[in-house]
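Undergrad: Below is the structure I would like to discuss, written out as structure tokens.
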Amino acid sequence: MAPRPIIIDTDPGQDDAIAILLALASPEFDVLGITVVAGNVPLKLTEMNARKICELAGKPETKVFAGCARPMMRSLVTAEEVHGKTGLDGPELPDPAMALQDQHAVDWLVETLRAAAPGGITLCTLGPLTNVAAALVKAPDIAGKIAEIVMMGGGFFEGGNVTPAAEFNIYVDPHAAHVVLSSGVKITMHPLDVTHKALMTRTWIDSLKALGNRTGAAAAAMLDFYERFDMEKYGEDGGPLHDPCVMAFLLQPDLFQGKDCNVQVETGSELTMGMTVVDWWGVSGRPANCHVINQIDAAGFYSLIHDRLARLP
Ligand code: BDR
Ligand code: CA
């Protein structure tokens, strides 16, 4: 089968990094480019981190575009307490030699989607939705070119991770999330309800170290740093690894289960700003606009990542 053309929109982030490595290691994907947004850390760092990850994967030819430096309406909120000062604390990765593309990510998204066949490209979103929303606002005609958007974001039964009500990616730019969720594009959402059901284990992180390649060593160093925050926060033995759910879902959909629902984003109330209101029981009568994932085969998920990272340098 021909590889699936994807664009990864991201704010790396250690869990973004594992998701990007998983994509770059998988022949089922044709990664057309990586568009970067401000989120976990400011844009200058997220775009640099994206290039470091491509080079780690031995794929310096991957096109990386810098996009929006701040959310649509609100001030940028970052998450250094989770990801460290650089956003990618843990391993010592060299400064990237590969260049950042000159074109703005939003312009490239519009140009690339316009040139695609209807339903030709899948968007994998791992961060705040600012770039994707800006592209949809600039050029609403691109909606028909998107096969689907598979996103990590939101939380409902599990609550939020940055406020009691909101998950980070949606909280950072709730207005962008609203634009995306009301675009009419097919969407699959991986909220905290699913990512919190697949926690990393010490054995699994050690097994990455034991792969014997540089990617395994760097991934383990990233995750050693990254999971300490969630382990303290949730009092569990291991933290969730959110973003790779997006790629794993496209590679092996049978690892996941969910339901078509209506999802709306709170953009009015400061108390619940960025909350994803999932009509799980269909009580509102509002039409479904999103496939919401809530179940995962954790063992299958972690073995998929392990096996794919083994293929990288
Ligand atoms: C999301 O927020 C970020 O910190 C992670 O990279 C992930 O995309 C989880 O809420
Ligand atoms: Ca992310």
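Letter 64 of the sequence shown, counting from 1, is numbered 1106 in my numbering, and no numbers are missing.
Even glycine gets a Cβ: it sits at the ideal position worked out from N, Cα and C.
Here the structure is a predicted model, which means the values were calculated and not measured.
So, at 7 Å on beta carbons, what are the nonlocal neighbours of residue 1225 in its own chain, with the 5 sequence-adjacent residues on each side left out?
TA: 1178 and 1185
Undergrad: Measure how close the beta-carbons of residue 1076 and residue 1060 come, nearest whole angstrom, since I'm counting them as under 8 Å.
TA: So it is not a contact: roughly 14 Å between Cβ atoms.
Undergrad: Taking only the alpha-carbon atoms, compute the straight-line gap between residue 1117 and residue 1108 and give it to the nearest angstrom.
TA: 18 Å
Undergrad: In its own chain, which residues sit with a C-beta less than 8 Å from the C-beta of residue 1236, not counting the 5 before and 5 after it?
TA: 1287, 1298, 1300, 1335, 1336, 1337 and 1338
Undergrad: Name the two residues that bound the continuous alpha helix (DSSP H) containing residue 1232.
TA: Residue 1232 -> not in any alpha helix (DSSP H); beta strand (DSSP E) instead, spanning 1229 to 1232.
Undergrad: In the structure shown, what three-state DSSP assignment does residue 1085 receive?
TA: helix
Undergrad: Under 7 Å between the Cβ atoms of residue 1158 and residue 1218?
TA: no
Undergrad: Go ahead and pull the three-state DSSP assignment for residue 1153.
TA: helix
Undergrad: Starting from residue 1212 and walking both ways along the beta strand (DSSP E), at which residues does that stretch end?
TA: That residue, residue 1212, is in no beta strand (DSSP E); its alpha helix (DSSP H) goes 1210 to 1214.
Undergrad: For residue 1257 and chain B, any beta-carbon pair shorter than 7 Å?
TA: Absence of chain B from the displayed structure is noted, only one protein chain being present.
Undergrad: Compute the distance between the beta-carbons of residue 1173 and residue 1195, then report whether it is under 7 Å.
TA: no
Undergrad: Is it buried or exposed, residue 1233, if we count other Cβ atoms within 10 angstroms and call 16 or more buried?
TA: buried
Undergrad: Which residues does DSSP pair with residue 1288 in a beta bridge?
TA: Under DSSP, residue 1288 takes part in no beta bridge, so it has no partner.
Undergrad: Mind the definition here: the stretch 1269 to 1281 touches the stretch 1145 to 1156 only if three or more C-beta pairs lie below 8 Å; say whether that holds.
TA: no
Undergrad: In or out: residue 1094 buried (at least 16 other Cβ within 10 Å) or exposed?
TA: buried
Undergrad: So is residue 1214 buried or exposed if we call it buried at 16+ other beta carbons inside 10 Å?
TA: Burial of residue 1214 is indicated by the presence of at least 16 other C-beta atoms within 10 angstroms of its C-beta.
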